[in-house]
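The sequence shown begins at 59 in the working numbering and counts up one residue at a time. Glycine included, each C-beta is placed from N, C-alpha and C at the ideal position. Everything numeric in this text was worked out from a predicted model, so none of it was measured. Step one of this worksheet: look at the structure below.
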Amino acid sequence: MQELLNIDQNVVYQVPRYQREYSWQRSQWDELFDDLIESDRSQGHFLGTIICVNQSVDTTDASVLELIDGQQRMTTLSLLLAALLKALRAHDSDLDDEGRADVVNLRRHLAYAKNPPRPRLIPQHQNRNHDDYLNVLADGGTGVKAPEVPNVGNRRIMKAYRHFQNRIASLIGESTGEEAAATILDILEKARRAIIVKIEVGSASDAYVLFESLNNRGLPLTPIDLIKNTLLASTDTAGDQGIDEVFETWTNLLENLGDTYNVQERFFRQFYSAFSSELPTVQGVSAITRSNLIRVYEVLINDDRDALVKRLAAAGVLYRRIIGNTQGDSDLDRELMRLVRAQGTTAHIVLLYLFTYRERLDLDDTALTEITALLTNFMVRRHLTGTPPTHRLARLFASLIDDVAKLSGKQIVNTIRSRLMAESASDDQFRDRLLGSIYEDNPDVARFILATLAEHAMTDEVWTDLWDLKSNKYVWTMEHVFPQGGNVPKAWEDMVGGPENVAVIRNELLHSLGNLTLTGYNSSLSNRKFEDKRDHTNEKGRYTGFRNGLSLNADLADANAWTADQMRERRQRLAGQAFDLFRLDARPSR
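If you want it as structure tokens, here you go:
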């Protein structure tokens, strides 16, 4: 490690701006720290390989090595060294001359001699990585100037630094004076003797070839990472389009898709499924899967990289709207969001195609709204009945594209409706599931059905957002009116007529529409008596129980008890309403 940060050489390691931000977490910090502590001081612990490209311009200044692979390890080690520097400075009076020399050298490992000192590691700027790292170096005592940034302690760079400080303090324990200083110096020596193999290559494309086999210590590269690396390597090799330009397009694409990896991967799979008839054939691939995703895109990149990048970028803009990332307020945007909430993302295959060619297909917002509503209803029915099976869904939506590719306007709407009706479970099967234990069948879809029933009765004047989030959790949650816990309170047992009726409710009605509702204070209601749940209010005196104003709770608000017969009546009524709302033969009016 000390050779990588040689104090006699002005070597700077710069993380390219297209690398992902610092992402190691506590488990990885501890693994690295523990490996170092447990290592044999005479041999040094092997920490893997880093790959660099020499980007030096002015040979009289620092040698700049672009850190293509290994930024997570180099950043983490630097944060540990900064924590050790601060700990040693706190024990300056306990050090001998050799120990003080170690402090001077450690400072120069982290920042090379300039006026003012400059950091040897330059993280990228995403999520304040660079500014936070400068604050760490300043706090450690390197002499590096730090910018003022808000919330510096809330992000991962500073958290890792503080974590290492705590680990060092824990090892020191109750030791003081020279004994404590000796413990810190021992950790430092093990860190300096750690072995990292540096491979310096001539270009980014050479570096990317080594990525998959040599990334043996950092967070695993995802298929999306590898597709990006293949794309950038191809750009660097071709030399006809700047790597920065391609990276900028890639960055914009991922911003449109959002931060969730599953959404990103789904987009790349659905893009190929939607447009496979227009793209190069990939030998041996009948359907794109996680296992062949990289191979498919390697073929597409090698065939026509620039055309592919252009098509992906355009599709990404449309996909952003399809998945609800635009926060639009039109009827179409609301219906697109309903499809996502109904767990209907598999249907985005056909929507991506329709949105791309909407002008040629003569599809206006009204038609696309109707199609999206059909897809939502179909997916609700599918999730409750299991028909068609999951493994057939992607092929179904891809085949819909073939059905409508040469049609236009209303023909497309009618064709999709007919095909979905043919593929869906029968009305009798759907009605039976609505009358069953839908919470057990699929709690997410049960919540969606309840929310749809409530929303259908709302007007603009009394609209309530039942999908509002607080701390990434729904404010409005499902509530079992009759408690679902194993120990039924005595008040409930008496109200329903004794243990036999409790057994009937638990076997037949507990998880049905008749016993489910939405409230904003589920944890506050729990196993309370029925009248307490009904009349519950908050500190401002507003009803938060079953008298919360939702039409869904109208019968509960007026009831004095909640028995099996009342649950059956409510189940029958709500199931009938839901059946009408999720029909495929006609879209209900609101």
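Report the partner residues of residue 177 according to the DSSP bridge assignment.
Within the sequence shown, numbered from 1, the residue matching residue 177 stands at position 119. BP columns for residue 177 point to 169.
Checking the sheet assignment: what are the DSSP bridge partners for residue 601?
Stepping through the sequence shown from its first residue, residue 601 is reached at position 543. DSSP, once it has assigned bridges, lists 595 as partnering residue 601.
Taking all protein chains shown into account, decide if residue 218 is buried (16 or more other Cβ within 10 angstroms of its Cβ) or exposed.
Position 160 of the sequence shown, counted from the start, is the residue given in the question as residue 218. Residue 218 comes out buried.
Going by beta carbon distance, what residues of the same chain come within less than 7 Å of residue 275, once the five residues before and after it are set aside?
To locate residue 275, count along the sequence shown from 1; it is residue 217. With a pLDDT of only 46 at residue 275, under the threshold of 50, the placement of this residue in the model should not be trusted, and no figure is reported.
Counting only the same chain and skipping the five closest in sequence on each side, list residues whose C-beta sits under 7 Å from that of residue 357.
The residue you call residue 357 lines up with position 299 of the sequence shown. Closer than 7 Å at the Cβ level, and outside the excluded window around residue 357, lie 338, 340.
In whole angstroms, give me the CA-to-CA distance for residue 122 and residue 389.
What you label residue 122 is simply residue 64 of the sequence shown in a count that begins at 1. What you label residue 389 is simply residue 331 of the sequence shown in a count that begins at 1. Going by the C-alpha atoms only, they are around 53 Å apart.
Does DSSP classify residue 333 as helix, strand or coil?
Taking the first residue of the sequence shown as position 1, residue 333 is located at position 275. If DSSP states are grouped into helix, strand and coil, residue 333 belongs with the helices.
State the beta-bridge partners of residue 69 as determined by DSSP.
Counting from one through the sequence shown, the residue named residue 69 turns up at place 11. 121, per the DSSP bridge assignment.
Based on the DSSP output, what are the partners of residue 108 in its beta bridges?
By one-based count along the sequence shown, residue 108 stands at place 50. Residue 108 has 256 as its beta-bridge partners, per DSSP.
Given a cut-off of 8 Å on the beta-carbon distance, is the pair residue 196 and residue 331 in contact?
Counting from 1 along the sequence shown, the entry for residue 196 is found at position 138. Counting from 1 along the sequence shown, the entry for residue 331 is found at position 273. For residue 196 and residue 331, no; Cβs fall outside 8 Å.
Helix, strand or coil at residue 428 according to DSSP, with G and I counted as helix:
For the purposes of this step, residue 428 is identified with residue 370 of the sequence shown, where counting begins at 1. Reduced to three states, the DSSP call for residue 428 is helix.
Tell me whether residue 248 is buried or exposed, calling it buried when 16 or more other Cβ atoms sit within 10 Å of its Cβ.
Numbered from 1 along the sequence shown, position 190 holds the residue referred to as residue 248. When all chains shown are included, residue 248 counts as buried.
Taking Cβ to Cβ, would you say residue 246 is nearer than 8 Å to residue 142?
On the sequence shown, residue 246 is found 188 positions in, with the first residue counted as 1. On the sequence shown, residue 142 is found 84 positions in, with the first residue counted as 1. For residue 246 and residue 142, yes; Cβs fall inside 8 Å.
Can residue 174 be considered in contact with the ligand SAH, in the sense that its beta carbon sits closer than 7 Å to one or more heavy atoms?
As for the ligand SAH, it is missing from this structure, which has no ligand bound.
Grab the span of the beta strand (DSSP E) containing residue 537 for me, first residue to last.
By 1-based counting over the sequence shown, the position of residue 537 is 479. According to the DSSP assignment, residue 537 belongs to the beta strand (DSSP E) that extends over 535-538.
For residue 181, count the other beta carbons within 10 Å of its own beta carbon; 16 or more makes it buried, fewer makes it exposed. Which is it?
As a first step, residue 181 is located in the sequence shown; it is residue number 123 there, counting from the start. Looking at its Cβ environment, which holds 16 or more other Cβ atoms inside 10 Å, residue 181 is buried.
In the DSSP assignment, find the alpha helix (DSSP H) that holds residue 241 and state where it starts and stops.
Looking up residue 241 in the sequence shown gives position 183. Its alpha helix (DSSP H) spans residues 235-250.
Continuous beta strand (DSSP E) stretch holding residue 575: start and end:
Residue 575 sits at position 517 when you count from the first residue of the sequence shown. Its beta strand (DSSP E) spans residues 574-577.
On the DSSP letters alone, give me the boundaries of the alpha helix (DSSP H) that residue 652 sits inside.
Limits of the chain in this structure are 59 at one end and 648 at the other, which puts residue 652 out of reach.
Backbone CA spacing between residue 233 and residue 145 [nearest angstrom]:
Residue numbering aside, residue 233 sits at position 175 when the sequence shown is read from its first letter. Residue numbering aside, residue 145 sits at position 87 when the sequence shown is read from its first letter. Approximately 13 Å, taken between the alpha carbons.
Close-in-space but distant-in-sequence residues of the same chain around residue 102 (CB under 7 Å, 5 per side omitted)
Within the sequence shown, residue 102 is the residue found at index 44, counting from 1. Result list for residue 102: 251, 252, 253, in chain order.
According to DSSP, is residue 80 part of a helix, a strand, or is it coil?
Counting from one through the sequence shown, the residue named residue 80 turns up at place 22. Coil.
Three or more C-beta pairs under 8 Å: does that hold for the region 599-606 against the region 563-573?
no
Closer than 8 Å by C-beta to residue 288: which residues in its own chain qualify, once you throw out the five before and the five after it? Chain order, please.
Your numbering for residue 288 matches position 230 in the sequence shown. For residue 288, where only same-chain residues beyond five positions count, the Cβ hits under 8 Å are 266, 352, 355, 356, 359.
Can you look up residue 633 in the DSSP assignment and give me helix, strand or coil?
In the sequence shown, residue 633 corresponds to position 575, counting from 1. Residue state, collapsed to three classes: helix.
If we call anything under 8 Å between Cβ atoms a contact, is residue 615 one with residue 592?
Position 557 of the sequence shown holds residue 615. Position 534 of the sequence shown holds residue 592. Yes, they are a contact pair.
Which residues in the same chain as residue 560 place their Cβ atom closer than 8 Å to its Cβ, once the five residues preceding and following it in sequence are excluded?
The count along the sequence shown starts at 1 and reaches residue 560 at position 502. If we look at residue 560 and ignore the five residues flanking it on each side, its Cβ neighbours are 546, 550, 551, 554.
8 Å CB neighbourhood of residue 238 in its chain, flanking five on each side removed:
By 1-based counting over the sequence shown, the position of residue 238 is 180. Sequence-distant Cβ neighbours of residue 238 in its own chain, meaning closer than 8 Å and more than five residues away, are 149, 152, 230.
Check whether the Cβ atoms of residue 626 and residue 556 sit closer than 8 Å, and answer yes or no.
For the purposes of this step, residue 626 is taken as the residue at position 568 of the sequence shown. For the purposes of this step, residue 556 is taken as the residue at position 498 of the sequence shown. For residue 626 and residue 556, no; Cβs fall outside 8 Å.
Between residue 637 and residue 189, what straight-line distance do the alpha-carbon atoms span, to the nearest angstrom?
Locating residue 637 in the sequence shown gives position 579, where the first residue counts as 1. Locating residue 189 in the sequence shown gives position 131, where the first residue counts as 1. If you draw a straight line from the Cα of residue 637 to the Cα of residue 189, it comes to about 56 Å.
From 495, 516, 524, 89, residue whose alpha carbon lies closest to that of residue 506
Within the sequence shown, residue 506 is the residue found at index 448, counting from 1. The candidate whose alpha carbon is nearest that of residue 506 is 524.
I need the DSSP call for residue 608, collapsed to helix, strand or coil.
On the sequence shown, residue 608 is found 550 positions in, with the first residue counted as 1. Three-state result, residue 608: coil.
List the DSSP bridge partners of residue 532.
What you label residue 532 is simply residue 474 of the sequence shown in a count that begins at 1. DSSP, once it has assigned bridges, lists 527 as partnering residue 532.
Leaving out five residues on either side along the sequence, give the residues of the same chain with a beta carbon under 7 Å from the beta carbon of residue 471.
Translated into the one-based positions of the sequence shown, residue 471 becomes position 413. So the qualifying residues of the chain are 425, 428, 429.
Residue closest to residue 435, alpha-carbon to alpha-carbon, out of 461, 478, 414
Locating residue 435 in the sequence shown gives position 377, counting from the first residue. Per the Cα distances, 478.
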